[in-house]
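Novice:
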Ligand code: GLN
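Laid out in C-alpha cells, this is it:
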C-alpha cells in the first residue's frame, strides 16, 4: 500500500479537493490502481444532515451514503464510483470506538485518542485501500492544519507513515500564496507558517502545492523551497484555471507525476491523457453559447449545486457549445415578475432538488413558463415533484395541489410521504437513498435519451408522486415513462413539448467529464434547437 496525504494550510476553500482529485488522475493516467478517501474532521456522522450553505452540496453515492461534495470530484476525476467508507468523519470514528468500548472490545483498558482513535483511523484507511484494490490511496484531510479537530487524523497519518516505512508515503501540502499590495507581490509567509505547523506535528511535506491567482515566479518558488525545506522542483504552482479539469495537466507539466512515482518507489510510466485532452480541446473550442436558467433557493452558494454545474461543463466538453448558467433565486420570482421574462429568454430551464416550503411557488411559476412556452425543461427530484404539482394545478384545475412536505393536511396531496417514511423521526441517513433500478417505457423520450429501458440512478428523497393522480395525469398528457421495480414513479414527461422531462432521481451525480450524462446532453441539444428557431442566422448556421 502506498499513501499520498493531502493537507491544507492557511485557509480552507483553496481547491484542495480538486488538487487531490487531480493527483489521483496522475496515477490513473499511468494505469496504477488508485482510490481516494476524504477525511472530514467534523462530528457529524455524514454530510446528510448539513445545510448546503455550510458545506455545499450533499453528494450521494451508489450505496446511499450522503457524502461530502469532494467525493463527487473524486468520482469525476477518477471516473470511478466510490462507496461510503471513502468518507471518514470524526463522527464515524467516534461512533465505532464508543460501540467497541460498550461491547467490551478494549478489555478493560482506558480508551484514549492515542492509540484507540488513531488506531481506528489507520485501520479504516487500510481497509478502504484493500477493499478498493488500490495500489495508491490518496487521503485528503479536510480543514486546515492547526485545527484542533484534524489533530487525531494527522497524528494517525504520521504514525502510518512510520509503520509503512520509508518510500511508502508522500505528504502534499496545499497552501495559499496571496498576491497583495499595489504592485501585486506574491507572499510566502503564510506558507512558511503553515509548513512550520505541519512540521511541529512531525510531518515533513514532500510537495508543496501553491494556490493563488497567478503562477509563481522562479524566485518565489526558490524562496518557498529554502524556507520550507523542499527541493525547488517540489514547489508546484497551481494558479486559478478557467476550468478545473485543466489541473491534472498543470500538475503533470511540472513533473508531479514522476516526482510522486519516485517518492513512492513506483516505476516510471508514460501517462495517457488521450480522452481527457480531447474533452478539454472540445471544451475550449466553443462556437455557440446556450443559456440555461437554474431556478433554486441556494443560488448564493454555487457549491450547493456543484454536480449540476459540473454536468453542464461535461456537456460543453462534448458538444463544443458554451453552456452559460444563469442562477435565479426562486424566492425572488413571485416578488419580481421581470425575472420570468428574463427566464423566458433562456434556452432551457433546470429546477434542481431541494427541501421545504421556501421558494416553492417561484419554482412552480418557472416550470409553468417552461411548459407553456415550449422551453426545454429538466426537473430533478424536487424539480420533478413540483412539475407534477404545476400540472395538477394548471392543467387538471386542482388549485390546492401541493406536496405534504409543504402542507401535511393538503386536500390535494399530489406529492406525499413515501409509505416507508411514515413514523421515521431521525433525519440522518433515513431518506430513500442511493442507486436503484428503474424501468423505462419503450419508445418514450427518456428511453430514447438513454438508449435503453433499464437504468440505475441515485436517489435522495422522502416524498413521492401520489399514485392516485396518475390516471388524470396520463389522460391530459403528463406521462409516466419510468418506474422503480417496486412501482414508484421515477420519470414524468410531457410529449408534445420540445423537451419536458422530470426525474425523481439525481442524474447529476453520475455525469463524468469523459461520459457526460445523457439527460444533460439532450437538454442542451434541445436548448440549441430552441436557439436556432428563435434567432435564425442568414449565413450558414454555426451550430451542428
Ligand atoms: N424534498 C423532496 C423529498 O424529500 C425532494 C428531495 C430532493 O430534491 N432531493 O422528496
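Numbering (the working numbering), first residue to last: 265 to 808. Even for Gly, the Cβ is constructed at its ideal location relative to N, Cα and C.
#1: If I measure Cβ to Cβ from residue 516 and keep anything under 7 Å in the same chain, skipping five residues before and after, which residues do I get?
#2: For residue 742, list the residues DSSP reports as bridge partners.
#3: Mind listing, in chain order, the continuous alpha helix (DSSP H) runs of no fewer than 4 residues lying wholly within the region 692-756?
#4: Could you round the C-beta distance between residue 273 and residue 455 to whole angstroms and report it? I think they count as a contact, below 8 Å.
#5: Look up residue 808 in the DSSP assignment and say whether it is helix, strand or coil.
#6: Hey, quick one: how far does the alpha helix (DSSP H) through residue 631 stretch, first residue to last?
#7: With DSSP collapsed to three states, give me the class of residue 271.
#8: Which word fits residue 248, buried or exposed, when buried means at least 16 other C-beta atoms lie within 10 angstroms of its C-beta?
#9: Of the residues 594, 548, 597, which one's Cα is nearest the Cα of residue 578?
#10: Look at the alpha carbon of residue 285 and the alpha carbon of residue 657, and state the distance between them as a whole number of angstroms.
#11: Give the list of continuous beta strand (DSSP E) stretches no shorter than 3 residues that lie fully inside the region 360-405.
#12: Going by the CB atoms, is the gap between residue 717 and residue 699 shorter than 8 Å?
#13: Have a look at 312, 425, 791 and flag the residue whose alpha-carbon is nearest the alpha-carbon of residue 586.
#14: Please report the distance separating the alpha-carbon of residue 614 from that of residue 679.
#15: Return the first residue and the last residue of the beta strand (DSSP E) that residue 299 is part of.
#16: Measure how close the beta-carbons of residue 436 and residue 473 come, nearest whole angstrom, since I'm counting them as under 8 Å.
#17: Residue 400: which of 298, 390, 338 sits nearest, CA to CA?
#18: Based on DSSP bridge pairs, tell me the residues matched to residue 593.
#19: Within the same chain, show all residues whose beta-carbon is closer than 7 Å to that of residue 801, passing over the 5 residues directly before and after it, in chain order.
#20: Measuring from the CB of residue 651, is there a heavy atom of the ligand SAH at a distance below 7 Å?
#21: If you reduce the DSSP assignment to three classes, tell me which class residue 492 lands in.
#22: So the candidates are 670, 338, 631; which of them puts its Cα closest to the Cα of residue 558?
#23: Can you tell me whether residue 426 is buried or exposed? The criterion is at least 16 other CB atoms within 10 Å of its CB, across all chains shown.
#24: By the 10 Å Cβ neighbour count, where 16 or more other Cβ atoms means buried, how is residue 720 classified, buried or exposed?
#25: Give the C-beta separation of residue 269 and residue 405 to the nearest angstrom, bearing in mind that I take them to be a contact with Cβ-Cβ under 8 Å.
#26: For residue 753, is the classification buried or exposed, using 16 other Cβ atoms within 10 angstroms of its Cβ as the cut-off for buried?
#27: Go ahead and pull the three-state DSSP assignment for residue 537.
#28: Residue 338 and residue 325 - do their beta-carbons sit closer together than 8 Å?
#29: Could you tell me the distance, in whole angstroms, from the CA atom of residue 689 to the CA atom of residue 673?
#30: Nearest by alpha-carbon distance to residue 332: which of 341, 343, 310, 344 is it?
#31: May I ask you to check if the CB of residue 669 is nearer than 7 Å to at least one heavy atom of the ligand GLN?
#32: By a C-beta neighbour count over all protein chains shown, 10 Å radius and 16 as the cutoff for buried, is residue 777 buried or exposed?
#33: Would you mind reading off the limits of the beta strand (DSSP E) that contains residue 524?
#34: What are the start and end residues of each continuous alpha helix (DSSP H) run of 4 or more residues lying completely inside the region 564-619, in chain order?
#35: Any chance you could list the residues with Cβ under 5 Å from a heavy atom of the ligand GLN, keeping chain order?
#36: To the nearest angstrom, report how far apart residue 624 and residue 550 are at their CA atoms.
Specialist: So, to answer that:
#1: The sequence position of residue 516 within the chain shown is 252, counting from 1. Around residue 516: 290, 535.
#2: By 1-based counting over the chain shown, the position of residue 742 is 478. Paired residue(s): 758.
#3: 709-714, 734-739
#4: Mapped onto the chain shown, residue 273 falls at position 9. Mapped onto the chain shown, residue 455 falls at position 191. The pair is a contact, with the Cβ atoms about 7 Å apart (cut-off 8 Å).
#5: The residue given as residue 808 occupies position 544 in the chain shown. Low confidence applies here, because residue 808 scores a pLDDT of 33, under 50, leaving its location unreliable; read the following figure in that light. In the structure shown, residue 808 sits in coil (DSSP, three-state: anything other than H, G, I, E or B).
#6: Stepping through the chain shown from its first residue, residue 631 is reached at position 367. Per DSSP, residue 631 belongs to the alpha helix (DSSP H) from 624-637.
#7: One-based indexing of the chain shown puts residue 271 at position 7. If DSSP states are grouped into helix, strand and coil, residue 271 belongs with the strands.
#8: Nothing in the structure corresponds to residue 248, since the chain is present only between 265 and 808.
#9: Sequence index remark: in the chain shown, residue 578 carries index 314 (1-based). Considering only alpha carbons, the answer is 548.
#10: Residue 285 sits at position 21 when you count from the first residue of the chain shown. Residue 657 sits at position 393 when you count from the first residue of the chain shown. Their Cα atoms are separated by approximately 45 Å.
#11: 400-405
#12: As a first step, residue 699 is located in the chain shown; it is residue number 435 there, counting from the start. As a first step, residue 717 is located in the chain shown; it is residue number 453 there, counting from the start. No, the pair does not count as a contact, with Cβ atoms beyond the cut-off.
#13: Looking up residue 586 in the chain shown gives position 322. It is 791 whose Cα lies nearest to the Cα of residue 586.
#14: As a working mapping, residue 614 is identified with position 350 in the chain shown. As a working mapping, residue 679 is identified with position 415 in the chain shown. Their backbone Cα atoms lie some 19 Å apart in a straight line.
#15: One-based indexing of the chain shown puts residue 299 at position 35. Taken as a continuous stretch (DSSP letters only), the beta strand (DSSP E) holding residue 299 covers 298-304.
#16: Counted from its first residue, the chain shown places residue 436 at position 172. Counted from its first residue, the chain shown places residue 473 at position 209. The pair is a contact, with the Cβ atoms about 6 Å apart (cut-off 8 Å).
#17: Against the chain shown, residue 400 aligns to sequence position 136. Ranking 298, 390, 338 by Cα distance to residue 400 puts 298 first.
#18: Numbered from its first residue, the chain shown carries residue 593 at position 329. Answer by DSSP bridge pairing, in chain order: 560.
#19: Locating residue 801 in the chain shown gives position 537, counting from the first residue. With a pLDDT of 43 at residue 801, under the threshold of 50, the modelled position of that residue is not reliable, and the figure given next carries that caveat. Nothing meets the Cβ criterion.
#20: As for the ligand SAH, it is missing from this structure, which binds only the ligand GLN.
#21: Indexing the chain shown from 1 puts residue 492 at position 228. Looking at residue 492 - three-state DSSP - the assignment turns out to be helix.
#22: If you number the chain shown from 1, residue 558 lands on position 294. The candidate whose alpha carbon is nearest that of residue 558 is 631.
#23: Here residue 426 is taken as the residue at index 162 of the chain shown, counted from 1. Label assigned to residue 426: exposed.
#24: The residue you call residue 720 lines up with position 456 of the chain shown. When all chains shown are included, residue 720 counts as exposed.
#25: Start at 1 with the first residue of the chain shown, and residue 269 comes out as number 5. Start at 1 with the first residue of the chain shown, and residue 405 comes out as number 141. The Cβ separation is near 7 Å, so the contact holds.
#26: By 1-based counting over the chain shown, the position of residue 753 is 489. By the 10 Å Cβ count, residue 753 comes out buried.
#27: Locating residue 537 in the chain shown gives position 273, counting from the first residue. Coil.
#28: Residue numbering aside, residue 325 sits at position 61 when the chain shown is read from its first letter. Residue numbering aside, residue 338 sits at position 74 when the chain shown is read from its first letter. It is not a contact, given that the beta carbons lie outside the stated cut-off.
#29: The residue given as residue 689 occupies position 425 in the chain shown. The residue given as residue 673 occupies position 409 in the chain shown. Approximately 18 Å, taken between the alpha carbons.
#30: Translated into the one-based positions of the chain shown, residue 332 becomes position 68. Nearest C-alpha to residue 332: 310.
#31: Taking the first residue of the chain shown as 1, we reach residue 669 at position 405. Result yes, Cβ under 7 Å from the ligand GLN.
#32: Here the question's residue 777 lines up with position 513 in the chain shown. Per the 10 Å Cβ criterion, buried.
#33: Along the chain shown, one-based indexing puts residue 524 at 260. Unbroken run through residue 524 is the alpha helix (DSSP H), 520-527; no beta strand (DSSP E).
#34: 570-583, 602-608
#35: 617, 619, 645, 646, 724, 725, 726, 727
#36: Within the chain shown, the letter at position 360 stands for residue 624. Within the chain shown, the letter at position 286 stands for residue 550. Answer to the nearest angstrom: the Cα atoms are 35 Å apart.
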